[in-house]
Structure formats: C-alpha cells, structure tokens
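Asker: Protein sequence lines correspond, in order, to chains L and W.
The numbering used here runs 1392 ahead of the 1-based position in the first sequence.
The numbering used here runs 65 ahead of the 1-based position in the second sequence.
Cβ coordinates follow ideal geometry from the N, Cα and C atoms, glycine included.
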Amino acid sequence: MTSTEPLSTEPNGTEPHRLERPETEWLRVSPKYIPVDMVGTFIFGAIVTAVSFVPFWFGWSEGWLVGVGIGALFLITLALTPRRVRAIGYLLRDDDLLFRRGIMFQRFVAVPYGRMQLVDISRGPVARAFGLAELKFVTAAASSGVLIPGLPFAEAERLRDHLVAVAETRRAGL
Amino acid sequence: MTEPAAAPGAEPAATDFADGEWHRLHPATPLFRGGLAFIAIIGVLIVNLRDRFFELFFGDQQVNLPPTGGDLESDALDFIVREELVLVALLVALGILMLLIAGFYFSWRLHTFRITDEVVEVRSGILFRTNRKGRLDRIQGINIGRPFVPRLFGAAKLEVTVAGNDANVPLAYLRGRDADALRHDILLLASGARRETVVNASAGPGVATGVSGMLDERVSELFAPELDVDLTAPTSVVRMNPGRLIGSTVLSDTSVVLVVMLIVLGVTIALTGELFLLFAMFPAMIGIGGFLIARITRSLRYSIAATPDGVRVGFGLLSTTNETLPPGRIHSVKVSQPLLWRPSGWWQIAVNRASRSSQNGAAGQQQTTILPVGNLDEVRAVLRLLLPEVTADENVPVIELGLAGRGTEGGFTVSPPRARALRWFSRVRNGFAFTDTAVLLRTGAIWRSLTIVPLSRAQSVSVHQGPLLRALRLASVHVHTVSGPITPVLGALDRLDAMRLFDDVATSALRAAQSDTSHRWRQQ
C-alpha cells in the first residue's frame, strides 16, 4: 500500500503498521520551509541545551551527560527536519480540508469547511525572510489544531480566500 | 439608598421587554450589586466607633469597653475633635455619601437593555460606557439566577449565554416574574418564530396587588419548586432523593481522595510526630470538604424538565439558578459511573457546551453536570431530553450496551486482543458504535463511561499514531468538540478500524451538519 503513496519518507513500504490513506495527491508545503524550521529548532535547542548544562557548571561532575544527551536529541530532531517537513500535507476535498503531519507521531485531521470560524495568516521573522507564511484554520474546538506552515505568501492568501469562500457556501451552525 | 426606588416609573409593569425599545433594570439593582456591601461597611464603622458614641452620650461616666479600632483611627478622631473639625468631618462624610448615592442612581439610570429581533443589547457605565450585543441565533442558554438576598426581594438575574469565553450578556437584576417571561420571549425570538406570536405569548399572568399580595408572592416564590409554573407547567423527570445524593457524594472519587489524604496524614503524623503537616494540609481538606458540601446543597433541589424551548435544569437551595438550554446546544454528552457507584447502579451525566456561564460558581456543578446522580431509568429519561434524535427508541439498546455492555454486541467495534497491553481490563469495552445521528465512544471497565457526540455538532476529527501504538498496529481517534469537561477520545483501536472511524465520522458529520436545523427549532 505504501508504494502508491508518493511519500519519499517511505522507502519500499517496509512499515505496514503505519496509518495509511487512500489519497495520493497531497499538496505539500514549500521546501523553503525546511531551513525556516531548522533555524527555529536550532535556536530553541541551543537555549535548552545551554540551560541543561547549568548543573554541570555548578559542580555536578557527571552533569555534562544531561546536557550532551539533550543536545544530541536536538541534533537528531534537526537532522530529521527535512523528512518531517516533507510529511506535512493537505488536501482540499469537496466539503472538508484534510491535513496530515508527522512521521514518528502521525496525525490526520479532517475539518469541514462549514465549521471554520476564522482563518489566520501569520509570518514569523525567519519565515518572512524566505517569503513564507503559516495559515491557521480555527474552529470552535480548540483541539482541531490545523496549522499549515511553510506556504508561499501568495499561496497562503489564495488558500485563505478560497477557504473563506467555500466556508460561506457551506455555513453550518456551531 | 432610597433614591433609586423613588425614581420615575419608566418601566412598564408587564413584560413587553422584548419590544425592541430600551428598558431599565429592577430599581433595587444598585442595592443588590454593591449597596449591601456599602451598608455593611457603614455598620462595621459604627461598631468600631461605639466607645466614641458611648462617650458622646454618657459624658464623663466611665464606661469600660474593650479597646477597639487601631491607633491610627483613634488618633484621627482625636485630631478631629481637638481641632473642632467635627462639622467639617460630618459634611465630608455626608458629601461622600451623596456622591455614592448619586453614583448608584446614575449607574442604574444609564444601565439599559433592549431585545430586538436580532440581538439582545446592554448599555452601561457612567464615565466608561460599554455596549454589549449578543446575537439571538448564537444563544447557548439562558440562565436565571436568584442569589439569596435578591431572592428575598423577589429579584432575579437573567444571563444570556452566548458562545465563547466571557461572551455572556447579563441582565441583573429583574423582577423574578419578569425574568421568567423575558426568557420565554427571548427564546421564542431566537427560535425563528415570528414576532406576532411573541407579543401574544408574553401577555403574562395578572400581577398581584397590595402589600399582602406582594408578601404572598415572595413567600410562594421562596418556597415554590425551582421550576416556576410556566404556561406549559413542565414537570421534572428526575426526583432527587436526598439519601441517594448524600450516598453518591460519600462514594464519589473526591471523597475517596479526601479519605486517602486523611489516612496518609494520620499515619505520617503518627510516625513522625510533625504536627505542622496538619496545618499544611488543612486548606486542601477544607477545599475538598467545601466542594462536597456544595455539591449536596446545590443538588438537593435539582430538577430537569422539557419545555418547548429546550431543557430546563434547576439547581440550588438558598441561591437558586435555573438554566434553559435550547435544542441543538449540546456538543457532547458523557454518562459515567465511578467504581463505587456500581453496586447501586448510579450514573452521572455531564455535557460540553459552547458557552461558559459565570453565574454558577459553586463547584462548577451546573455548567457541566446535568444529572448529578441517577439510576438507569433517569439516565434514559435525561438522555431523551438532551438528545431526542439520538435517543430514539430503536437506539436505546445500543446506548444501554454502551453503558454496561462489552464485546461487539450491538454493533460496537472494540480493540483487538493485542491492545490488551494498553487496556488491561477494558479491552472488550473500549470501542465505538454509530447511530444514525451520533457516534458513541465507550471506554473503561473500572470507571465506565460512554461519550455520545451528536454528529451535527462535531467540529472536526483526527486520528493519531505514535511509536508505541505503531508497534502494536493501533491508533487513536479524537472527535473534536467545543472545549469542556469531556474529551471524546478513543485510544488503542486497530489502525484500520481507527481509519474507518475517522472516515465515517468525517463524512457523517458533513451530512449531519448540512441537514441540521435544530438551532432554529421553531422555524418552518
């Protein structure tokens, strides 16, 4: 089954335990999002790693193990970023938006357009440098959590206008 | 403080509040809202100055009173007396009093509300004007609260709860009778019915006249059951039995926590002899005890009944609230049974709603717990009120299997045997089933619970799989509803079953949302 899915993260379908979807034509986020995500991870990781060395500086001689361990975890996360970004996908179906992300922690969400309360476009400083924006689809349920990062700015605006338009025609109550 | 009451009678006697014009609140509103505290402060001042008064009236007679007040206060008074500023001080006090009364009066004058076809709107404030509008078609419920003191005066607080945090429109205070009629009118407008019917329907019962009539009215209001005798005379489907209420509270998880805490505390103190632990733990114990007592007193006069405009739930002993939930405002329902309730067959019902009512602080009971405790028959009756379309006769067997059943009987899909590692006892209960309008999530063998999500209210759905679930070829499904005490999640399903549940919920929720008209329940 995995062979039908053009996910480069899935070489020769060796993981039959994964969640599978029949859809194949996922829309992907821009590859330029990879450095954006990496910069964010790097800054966060550097700060957390530095803090985790505090016990060592205060004289706990084995404390460096903690810091090195945490640093290594962040390096692995950093190395996996391209895979993780490539795994983000979304699909505009007839009446709902299907969103997926994650490899280790897979998550699929289906949100009917009619449930949309608002669409948010935001741009962080790094993302702006790369001409990217992220689009947040907000419903009345806080746990819906559909956040599509790494969209080229024009694409994000086009998608927002499209979502607002289809939500208007499929308006449902709360 | 009497000035507000003597204000020009701008208010009409009957409840034509819903005519789209601006109206004012109950004349005694400032008294209830802050005036009582003000009077109390004056009382405290007088008590503290009592030795001064004694000196004033008894002259040089020696009156032995315990010392009161602080040094600062005595010094200030001595200063005033010494400098012969008594008159000035009295004038200042009088001025402050006048200012306060004027403030109360104007805040009452300027606090107006109106109800149009579209919105309920409130204007208030003297210097900083606020204007708040609530859209009638977004109303999630209407709450009538009668705190004890206003209740003695026959006043009530009406709160229109609208979806969102702190998005409520409070009308505090109204005459009790008016509040009930106004609720009826607002719900009628919100229901999609036309205005003519509203005006006809709001011709309320005749107003009792005279002092004795008023007194009778107060007394009967105080002792009447929480459900006012409406045009439809709804009767509660559940009678709260005090014995059961106390029993269920004693056997609730919270009491178990309290008892365990007490035992741990006792043992620790006996072993270490450190008495300070007693003081450290005291606040927590008081908190838990207060919660349990509040639960009992609030639920003693619990009632729930069907009205044409939704389910009416009443709580409270001295301070009462009763809330009407219009149809289609309930986003999910959870029927649950703590372990210790099982021998007696008790259940409780909680709901998720889109609004937060500020009015019922007491232990958060009212907001979310619709049935504090009840047996299976009462659960059935309450579910029928809350979700009439879900609890149709042909679905009752499925729902009962959801409560106490196990295995695949009744169309439930349960976790596969390999999920035993994650669901030690509840594997055969951990499952889901569909009715035509809702999805049922059944969990727990020790703490049994059944979550019912009406598909027309589901916001979105997601399926998750982490490394642990992947190793077991499992996945978990999360149906998203508005936030509340219920999180409809079902874990440890076979990954294919989980994906099927995900797809089914996604497609049926779309279908249900498109055909749903319950939010305009009277519109043809």
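Could you confirm whether any beta carbon from chain W is found closer than 8 Å to the beta carbon of Arg1507/L?
Answerer: Closer than 8 Å to some Cβ of chain W, the Cβ of Arg1507/L qualifies, so yes.
Asker: Could you check what DSSP says for His1554/L in three-state terms: helix, strand or coil?
Answerer: Reduced to three states, the DSSP call for His1554/L is helix.
Asker: Pick from Leu382/W, Val400/W, Arg513/W, Arg565/W: whose alpha carbon is nearest that of Pro212/W?
Answerer: Pro212/W has its Cα closest to that of Leu382/W, out of Leu382/W, Val400/W, Arg513/W, Arg565/W.
Asker: Can you tell me the Cα-Cα spacing of Ala1525/L and Arg309/W, whole angstroms?
Answerer: Distance between the alpha carbons of Ala1525/L and Arg309/W: 58 Å.
Asker: Is Gln579/W helix, strand or coil when you go by DSSP?
Answerer: In this structure, Gln579/W counts as helix in the three-state DSSP scheme.
Asker: Would you report the Cα separation of Asn387/W and Val1518/L, rounded to the nearest angstrom?
Answerer: C-alpha separation (whole angstroms): 53 Å.
Asker: Return the chain-ordered list of same chain residues with a C-beta closer than 6 Å to the C-beta of Gly426/W, the five sequence neighbours on each side being excluded.
Answerer: Reliability fails at Gly426/W, whose pLDDT of 40 lies under 50, so the model's placement of it is uncertain and no value is given.
Asker: Beta carbons nearer than 7 Å to chain W: which residues of the segment 1477–1505 of chain L have them?
Answerer: Within the segment 1477–1505 of chain L, the qualifying residues are Asp1487, Asp1488, Met1496, Phe1497, Gln1498, Arg1499, Phe1500, Val1501, Ala1502, Val1503, Pro1504.
Asker: Among residues of its own chain, excluding the 5 on either side of Gly556/W, which ones have a beta-carbon nearer than 6 Å to its beta-carbon?
Answerer: Around Gly556/W: Ser541.
Asker: Could you tell me whether the Cβ atoms of Ser525/W and Ser1536/L are closer together than 8 Å?
Answerer: Against a cut-off of 8 Å, the Cβ pair of Ser1536/L and Ser525/W comes out as a contact.
Asker: Within a Cβ cutoff of 6 Å, which residues of the same chain sit near Phe1466/L, ignoring the five residues on either side of it in sequence?
Answerer: Only Gly1437 meet the Cβ criterion.
Asker: For Pro77/W, does the count of other Cβ atoms within 10 angstroms reach 16, so buried, or fall short, so exposed?
Answerer: Residue placement at Pro77/W cannot be trusted, given a pLDDT of 36 that sits under 50; what the coordinates show is reported in the next sentence. Classification of Pro77/W: exposed, given that the 10 Å Cβ count is below 16.
Asker: Determine whether the beta carbon atoms of Ile204/W and Asn417/W lie at a separation below 8 Å.
Answerer: No, they are not a contact pair.
Asker: What does DSSP give as the partner residue(s) for His88/W in the beta ladder?
Answerer: Phe178/W.
Asker: Extract the residue ranges of the beta strand (DSSP E) inside the segment 1446–1519 of chain L, only unbroken runs of 3 or more that lie entirely within it.
Answerer: As far as the segment 1446–1519 of chain L is concerned, its whole beta strand (DSSP E) runs of at least 3 residues are 1481–1484, 1488–1493, 1498–1504, 1510–1514.
Asker: Is Trp412/W near Gly439/W, with beta carbons less than 8 Å apart?
Answerer: Going by C-beta atoms, Trp412/W is nearer than 8 Å to Gly439/W.
Asker: Can you tell which of Phe218/W, Leu450/W, Ile251/W, Arg535/W has its C-alpha closest to the C-alpha of Asp202/W?
Answerer: Among Phe218/W, Leu450/W, Ile251/W, Arg535/W, the Cα nearest to that of Asp202/W is on Ile251/W.
Asker: Have a look at Trp1449/L and Val1460/L and give me their C-alpha separation to the nearest angstrom.
Answerer: If I take the Cα positions, the gap works out to 13 Å.
Asker: Using a Cβ cut-off of 8 Å (strictly closer), state whether Leu1527/L contacts chain W.
Answerer: No, its Cβ sits nowhere closer than 8 Å to a Cβ of chain W.
Asker: Look at the Cβ atom of Ile145/W, then the Cβ atom of Ala154/W, and state whether they are nearer than 8 Å.
Answerer: Yes, the pair counts as a contact, with Cβ atoms nearer than the cut-off.
Asker: Compare the C-alpha of Ala102/W against each of His88/W, Val157/W, Gly85/W, Leu165/W and name the closest.
Answerer: Ala102/W has its Cα closest to that of Leu165/W, out of His88/W, Val157/W, Gly85/W, Leu165/W.
Asker: Please determine if the segment 1469–1480 of chain L and the segment 1540–1557 of chain L are in contact, where contact requires at least 3 C-beta pairs separated by less than 8 Å.
Answerer: Yes, the segment 1469–1480 of chain L is in contact with the segment 1540–1557 of chain L.
Asker: Apart from the five residues just before and just after Gly1502/L, which ones in its own chain have a Cβ nearer than 7 Å to its Cβ?
Answerer: Sequence check: residue 1502/L is Ala here, not Gly. If we look at Ala1502/L and ignore the five residues flanking it on each side, its Cβ neighbours are Asp1488, Leu1490.
Asker: From the DSSP output, in three-state form, read off Thr508/W for me.
Answerer: Thr508/W falls in the strand class under three-state DSSP.
Asker: Would you be able to state if there are at least three C-beta pairs under 8 Å between the segment 358–370 of chain W and the segment 301–308 of chain W?
Answerer: Yes, since at least three Cβ pairs between the segment 301–308 of chain W and the segment 358–370 of chain W fall closer than 8 Å, the two stretches touch.
Asker: Please tell me whether Ala578/W has its Cβ less than 8 Å away from any Cβ of chain L.
Answerer: Yes, Ala578/W lies at the interface with chain L (some Cβ there is under 8 Å from its Cβ).
Asker: Check whether the segment 495–511 of chain W and the segment 472–482 of chain W are in contact - that is, three or more C-beta pairs closer than 8 Å.
Answerer: The segment 495–511 of chain W is in contact with the segment 472–482 of chain W.
Asker: What residues from chain W crowd round Ser1444/L, counting only those whose CB sits closer than 9 Å?
Answerer: The contacting residues do not exist; Ser1444/L stays about 23 Å from chain W at best.
Asker: Can you round the beta-carbon distance between Leu506/W and Pro553/W to whole angstroms, since I take them to be within the 8 Å contact cut?
Answerer: At roughly 6 Å, the Cβ-Cβ gap stays under 8 Å, so Leu506/W and Pro553/W are in contact.
Asker: Pick out whichever of Ser397/W, Ile334/W, Arg188/W has its Cα sitting closest to the Cα of Ala503/W.
Answerer: Comparing Cα-Cα distances from Ala503/W to each of Ser397/W, Ile334/W, Arg188/W, the minimum goes to Ser397/W.
Asker: How long is the line joining the alpha carbons of Phe97/W and His91/W, rounded to whole angstroms?
Answerer: Near 10 Å, if we compare the C-alpha coordinates of His91/W and Phe97/W.
Asker: Measuring straight from C-alpha to C-alpha, what distance separates Val570/W and Ala446/W?
Answerer: About 26 Å.
Asker: Do we get a CB-CB distance below 8 Å when we pair Ala540/W with the residues of chain L?
Answerer: Chain L, which has a Cβ nearer than 8 Å to the Cβ of Ala540/W, makes this yes.
Asker: Mind checking whether the beta-carbon of Ala167/W lies closer than 7 Å to any heavy atom of the ligand SAM?
Answerer: Ligands displayed in this structure: none; no statement on the ligand SAM is therefore possible.
Asker: Does the beta carbon of His1554/L sit closer than 8 Å to a beta carbon anywhere in chain W?
Answerer: Chain W, which has no Cβ nearer than 8 Å to the Cβ of His1554/L, makes this no.
Asker: Can you name the residues of chain W whose CB is closer than 7 Å to the CB of Ser1536/L?
Answerer: The contacting residues are Gln524, Ser525, His545.
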